Structure formats: structure tokens, C-alpha cells
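Asks:
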Amino acid sequence: MDRLSAFDTSFLANEKDNAHMAIGAILVFDGLPPTEDEFLALIRSRLHLLPRLRQRLLTPPLGLGTPFWVDDEIFDVRRHVSRATLPAPGTDAELQALAGRLLSPPLDRRKPLWELTLVDGFGEARFAVVYKTHHAMADGISAVDIGMLLFEVEPTAGPPAPEQPWRPRRSPTSVGLAVRAVTGVAATFRRCLRWLSGAARDPAAASRRTGDGLIGLWEVTWNLLRPAPKVPINPAGVGPGRDFCWATFELAEFKRIKNALGGTVNDVSLAVATGALRGWLAEEEVATDGVELKALVPVSIRTIDEHGELGNKLTAMRGPLPIGTDTPEERLRLISTAMDDLKASKQPLGAEAIWGLNDWFRDFAPPVLLGPTAAINFSTRLFNLLVTNFPGPQIPFYALGRELVAIHPVGFLARRHGLAIAILSYNGGVSFGLLA
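For the sequence shown, the working numbering assigns the number 1571 to the last residue and increments by one with no breaks.
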């Protein structure tokens, strides 16, 4: 029985005031849509590859410790898969409007935290799938991994394999969970002893790690003392509804820009987002001269061996978006320099240290203690908006013989954040997904 990390649990703790931590993607396919039975058979044939898809959250008695993942004893894939038809003529605008409606409500924590909606009526010989999961279950890369496990790398159109037998494990009793909370105290002491033992064996390395962590914590604290500017994308509250749209580009163009001007593809992506925000704020008659927005830029620390595993393997940096700078070239230069400095700094280690310390006490400390930490990490003092950029596969994928031609990623809206930008590359294209 797996337990959520402190970082995973923070995404649950931050769900308040219409802010919820659902993420996902809109997947677009060429070809006629499958029947609902065909689509259900495909999903059923892959469930054994990701046991988490049949698990729900279980909170310990009195909230002692972080929640557990337990098998959903009444799991039925039909509670997670639905179908929708777009009104004619079935354009991108209609699909975006439908996606916004589907992304608006929070996920039901009484069930496994995912939904798939098969969408037909999307133009001629096209269909889409709106995929929604929870950030407590998956970060951006593992969310992509979930989607890719549902598909094939060859355009074979044969029937899916039969569903593999599955028998849910019984959930632990309240007494059993309470005992786990008590034994969690001992587990925490063991962690402390292991750390002390390691420090005794290699005091220089322990001192170096501790020093780096303290420097990182100071850098995070210093960021809190220098709040992000106030702009219209940070309203007093987030409403219950969501709007979603996307913009697509060629990955080769981003590579040409970074080869000509310097930086990375990620830097170019941030510069594109900065230019778009500058233009929009100008249309809204918001002064931008000398203004530098702050973006929460997640950085994956997931190793190759950890692909396919769920949960969050992330740290984060507070990246600059210099909307007050006139020229695109100068914006890219400023972003590239700042991101290089951030990567060389201890700021990511500070974020890791915060959640690492929380993880020491996750076996018995109530998740409510994570609330203040989550509030700080998702505060508008730290950042104006989320800008997340993860590389997707650069080969085509298929489902039931139909080619997956586009992936439009979906980020999340934290409290008092009115805009999130998720960026994903797939098979030579780049999609910017904007959630508001």
C-alpha cells in the first residue's frame, strides 16, 4: 500500500476556493472515432500497466499522516470514461469550449483520480480525447507517460488484448491505519538515525548537502521578500469555470531560434509566452514598462528509470518573464541568462529541502500541517502564473489504428492565479495550452 509524499499531498491541501489541481491534455486523432465499446476495450486492456488507475485515496483516522493509495473495491471503468459530441461544424473553438467545461469541476476524491472523454463530431474524420487527472497522482511527465501507455507506436488496427484479471485488495481498517500512524513515529526516528549515520560516515558530504539546502532555503525566503508584481492575471479569487485554448508551433522553428540567438528550447518557449503576455496586457491598457513577471517553472528530476512511475518527481524555480522589455531578442537573452543563473543557484535545492523535511514526518503528521507550506509554494508573492514545459515523444503514436496528431497540455490554476500555460512538444510540434 503506497503512501502519498508530502509534495503529492500539497496538491490536495491547496484545493480551496474553486482552485483545484486537475491537469491533463486534449489528444487529437486522425480517423473516424471508435465506438464507445471499442474505446472502453482499449482502456481495459491497458489498466494492468498502471495499477494506480484503479486506486483511490484513503485518509487515515484523524488525518494522521498523508493519505494512502488503496484499491477501489467498486472500480468500474465506465465511471471514468464518457462520450461527448461537438455541435456542428466541430471546429477547434467548439472543442476548446467543451474542454473548458470538462476541466471546470474538480475530480471526485472518492474515486480514482482520472477521467477520459471521447469526443466525436470534430470536423471530418477526426476525433479527440479529453484526459484529466490530478496533480497528486501525476506530474507533467508521468501524465504524458499515462497517456502514452494507452497507445501504440505502430498503426496496427487489431482488437485490443483481453482485459487481464484483477482482484482488488481489501482496504485497511481504521484500527490498522491508526497503528500505522503510531509506527510512523518510529519510522521517522529511523530516518533521522539513517541521516545521522550517513553524516558520521561522511561528514564533509553531509555538511555540504546541509549547507546547500540552507542556502536554497534562504534563496526561497529571499524570493518571498521580493514579491511578484500585481497584474490582472492574479485576481482576488478563482471562479468555478475554466476556459481553455491552445496555440501550435513547429519545434524546428524553436530550434532555429535558439541556434541563432542562444539559449535553449525552453528559453525560447518562455520568451514566446512573455511576448504573448506583453501583447495581451498592452491590449488591456496595463502598463508593462520595466515590469518582470515571475513564473513558477517546474523542473523534472525524474530519471529515465522512473518514467512510467506515478507521483511527482519535481522541483521548481521562479523564472523571469521580462514583459517590460521591447524586443524579442532582448527578452530571450534576459530569460536565457536568468535561467542559467537559476540552474546554477541553490533555489531548486531549497524547494526540495522543504518537501524533504515534510516527508520525514508524513507517516504521522496531519496533512493540515502541509497547508501553510502549500500556501507559500503556490503564493502570488512567489509567482504570477505557472509556465510548465515538458518534452513529449518525438515519434507518432496510435490508438486503434488512428494516428495521434496533436497533444494540447493542460496545467492547473492555484488560488488567486487566473492563468496557467502548459507547453508540450510532440512529434515535431509544440503546443501551448492556456487555462484561465
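Positions of the beta carbon are idealized from the N, C-alpha and C atoms, including for glycine. Treat the numbers as computed from the prediction; the structure is a model and nothing was measured.
Just grab the DSSP bridge partners of I1558 for me.
Replies: As a working note, residue 1558 is residue 423 in the sequence shown. Answer by DSSP bridge pairing, in chain order: N1524, F1567.
Asks: Given that a residue counts as buried once 16 or more other Cβ atoms are within 10 Å of its Cβ, and exposed if not, what is Y1561?
Replies: Numbered from 1 along the sequence shown, position 426 holds the residue referred to as residue 1561. So Y1561 ends up on the buried side.
Asks: Tell me which residue opens and which closes the beta strand (DSSP E) that V1540 is part of.
Replies: Counted from its first residue, the sequence shown places residue 1540 at position 405. Element bounds for V1540: 1537 to 1545.
Asks: Leaving out five residues before and five after M1156 in sequence, what residues of the same chain have Cβ atoms less than 7 Å from its Cβ?
Replies: The count along the sequence shown starts at 1 and reaches residue 1156 at position 21. Excluding residues within five positions, the ones whose Cβ falls inside 7 Å are F1146, N1149, E1150, H1269, H1270, A1271, F1547.
Asks: Quick check on the burial criterion: 16 or more other C-beta atoms within 10 angstroms. Buried or exposed for R1261?
Replies: Indexing the sequence shown from 1 puts residue 1261 at position 126. Result: buried.
Asks: Could you pull the DSSP bridge partners for T1472 from this structure?
Replies: The residue you call residue 1472 lines up with position 337 of the sequence shown. According to DSSP, which records beta bridges pairwise, T1472 is partnered with nothing at all.
Asks: In this structure, does DSSP put L1248 in helix, strand or coil?
Replies: Along the sequence shown, read from residue 1 onward, the residue named residue 1248 stands at position 113. In this structure, L1248 counts as coil in the three-state DSSP scheme.
Asks: Return the residue from the list L1539, A1571, L1569, H1543 that minimises the CA-CA distance to E1289.
Replies: Residue mapping note: residue 1289 aligns to position 154 of the sequence shown, counting from 1. Taking only the C-alpha atoms, the option nearest E1289 is L1539.
Asks: Have a look at H1552 and S1471 and give me their C-alpha separation to the nearest angstrom.
Replies: Working through the sequence shown from its first residue, we reach residue 1552 at position 417. Working through the sequence shown from its first residue, we reach residue 1471 at position 336. One C-alpha to the other measures close to 25 Å.
Asks: Is A1555 buried or exposed, if buried means 16 or more other CB atoms sit within 10 Å of its CB?
Replies: Along the sequence shown, one-based indexing puts residue 1555 at 420. The residue is buried, with at least 16 neighbouring Cβ atoms inside 10 Å.
Asks: Give the secondary structure of D1243 by DSSP, where H, G and I count as helix, E and B as strand, and everything else as coil.
Replies: To locate residue 1243, count along the sequence shown from 1; it is residue 108. In this structure, D1243 counts as coil in the three-state DSSP scheme.
Asks: Which residue comes first and which comes last in the beta strand (DSSP E) that contains W1204?
Replies: One-based indexing of the sequence shown puts residue 1204 at position 69. Counting along the chain, the beta strand (DSSP E) containing W1204 begins and ends at 1203 to 1206.
Asks: Rounded to the nearest angstrom, what separates W1235 and L1162 at their Cα positions?
Replies: By 1-based counting over the sequence shown, the position of residue 1235 is 100. By 1-based counting over the sequence shown, the position of residue 1162 is 27. Note on identity: in this sequence residue 1235 is Gly, with Trp being the wrong assignment. So the two alpha carbons sit approximately 14 Å from each other.
Asks: As a quick exercise: from W1381, L1396, L1431, N1369, pick the residue whose alpha carbon is nearest that of L1416.
Replies: As a first step, residue 1416 is located in the sequence shown; it is residue number 281 there, counting from the start. For L1416, the nearest C-alpha among the options comes from N1369.
Asks: Is it the case that the Cβ atoms of V1522 and V1432 are separated by a distance below 8 Å?
Replies: Here residue 1522 corresponds to residue number 387 of the sequence shown, with the count starting at 1. Here residue 1432 corresponds to residue number 297 of the sequence shown, with the count starting at 1. Yes, they are a contact pair.
Asks: Out of A1571, G1256, V1205, L1175, which has the shortest C-alpha to C-alpha gap to T1308?
Replies: The residue given as residue 1308 occupies position 173 in the sequence shown. The candidate whose alpha carbon is nearest that of T1308 is V1205.
Asks: On the DSSP bridge list, what partners appear for Q1082?
Replies: The requested residue 1082 is not part of the displayed model; the chain covers only 1136 to 1571.
Asks: Just to confirm, are A1160 and P1528 a CB contact at a threshold of 8 Å?
Replies: Residue numbering aside, residue 1160 sits at position 25 when the sequence shown is read from its first letter. Residue numbering aside, residue 1528 sits at position 393 when the sequence shown is read from its first letter. Not a contact, by the Cβ cut-off of 8 Å.
Asks: Whose CA, out of L1221, K1246, P1303, lies closest to the CA of V1265?
Replies: Taking the first residue of the sequence shown as position 1, residue 1265 is located at position 130. Closest option to V1265, Cα to Cα, is L1221.
Asks: Here's the rule: buried if 16 or more other CB atoms are within 10 angstroms of the residue's CB, otherwise exposed. What is E1465?
Replies: The count along the sequence shown starts at 1 and reaches residue 1465 at position 330. So E1465 counts as exposed.
Asks: Considering Cα atoms alone, identify which of R1214, L1251, G1166, A1141 is closest to L1199.
Replies: Position 64 of the sequence shown, counted from the start, is the residue given in the question as residue 1199. Measuring from the Cα of L1199, the nearest candidate turns out to be A1141.
Asks: Taking the DSSP output, what are the residues bridged to H1269?
Replies: Taking the sequence shown and counting its residues from 1, one reaches residue 1269 at position 134. Answer is A1157, bridged to H1269.
Asks: Distance check for D1255 and A1232, CA to CA, integer angstroms please.
Replies: As a working mapping, residue 1232 is identified with position 97 in the sequence shown. As a working mapping, residue 1255 is identified with position 120 in the sequence shown. Near 14 Å, if we compare the C-alpha coordinates of D1255 and A1232.
Asks: The beta strand (DSSP E) spanning W1381 covers which residue range?
Replies: Here residue 1381 corresponds to residue number 246 of the sequence shown, with the count starting at 1. 1379 to 1385 is the span of the beta strand (DSSP E), which, as asked, contains W1381.
Asks: Taking Cβ positions, are F1384 and V1565 nearer each other than 8 Å?
Replies: On the sequence shown, position 249 is the one that residue 1384 refers to. On the sequence shown, position 430 is the one that residue 1565 refers to. Result yes, Cβ atoms of F1384 and V1565 sit closer than 8 Å.
Asks: Can you give the Cα-Cα distance for L1139 and P1526, rounded to whole angstroms?
Replies: Against the sequence shown, residue 1139 aligns to sequence position 4. Against the sequence shown, residue 1526 aligns to sequence position 391. Taking the straight line from one Cα to the other gives about 25 Å.
Asks: Anyone know if the C-beta pair for N1084 and G1372 falls short of 8 Å?
Replies: Limits of the chain in this structure are 1136 at one end and 1571 at the other, which puts residue 1084 out of reach.
Asks: So, under 8 Å CB-CB, E1427 and P1463 are touching, yes? Tell me the CB distance rounded to an integer number of Å.
Replies: The residue given as residue 1427 occupies position 292 in the sequence shown. The residue given as residue 1463 occupies position 328 in the sequence shown. That pair is no contact at about 16 Å.
Asks: What residue does the beta strand (DSSP E) around R1218 start on, and which one ends it?
Replies: As a working mapping, residue 1218 is identified with position 83 in the sequence shown. From DSSP, the beta strand (DSSP E) with R1218 extends over 1216 to 1220.
Asks: What does a CB cutoff of less than 8 Å around R1315 pick up in its chain, not counting 5 residues either side in sequence?
Replies: As a position in the sequence shown, residue 1315 is number 180, starting the count at 1. Counting only Cβ-Cβ distances below 8 Å, and skipping sequence neighbours, we find P1195, G1200, P1307, D1498.
Asks: Look at the alpha carbon of R1468 and the alpha carbon of D1402, and state the distance between them as a whole number of angstroms.
Replies: In the sequence shown, counting from the first residue as 1, residue 1468 sits at position 333. In the sequence shown, counting from the first residue as 1, residue 1402 sits at position 267. For R1468 and D1402, the distance between alpha carbons rounds to 9 Å.
Asks: Name the residue from L1248, W1381, L1569 whose alpha carbon lies nearest to the alpha carbon of D1143.
Replies: Within the sequence shown, residue 1143 is the residue found at index 8, counting from 1. Residue L1248 is the option with its Cα nearest to D1143.
Asks: Throw me the rounded Cβ distance for the F1518 and A1382 pair, which I believe falls under 8 Å.
Replies: Here residue 1518 refers to the residue found at position 383 of the sequence shown. Here residue 1382 refers to the residue found at position 247 of the sequence shown. No, F1518 and A1382 are not in contact; Cβ-Cβ is about 21 Å, not under 8 Å.
Asks: Assuming V1421 and V1366 form a contact by the criterion Cβ under 8 Å, report the distance between their Cβ atoms to the nearest whole angstrom.
Replies: In the sequence shown, residue 1421 corresponds to position 286, counting from 1. In the sequence shown, residue 1366 corresponds to position 231, counting from 1. About 7 Å separates the two Cβ atoms, so the contact holds.
Asks: Thinking L1185 and L1284 are a contact (beta carbons under 8 Å), I'd like their distance in whole angstroms, please.
Replies: Translated into positions along the sequence shown, residue 1185 becomes position 50. Translated into positions along the sequence shown, residue 1284 becomes position 149. Sure, about 6 Å apart at Cβ, within 8 Å.
Asks: To the nearest angstrom, report how far apart A1451 and G1425 are at their CA atoms.
Replies: The residue labelled residue 1451 in the question sits at position 316 within the sequence shown. The residue labelled residue 1425 in the question sits at position 290 within the sequence shown. Their backbone Cα atoms lie some 25 Å apart in a straight line.
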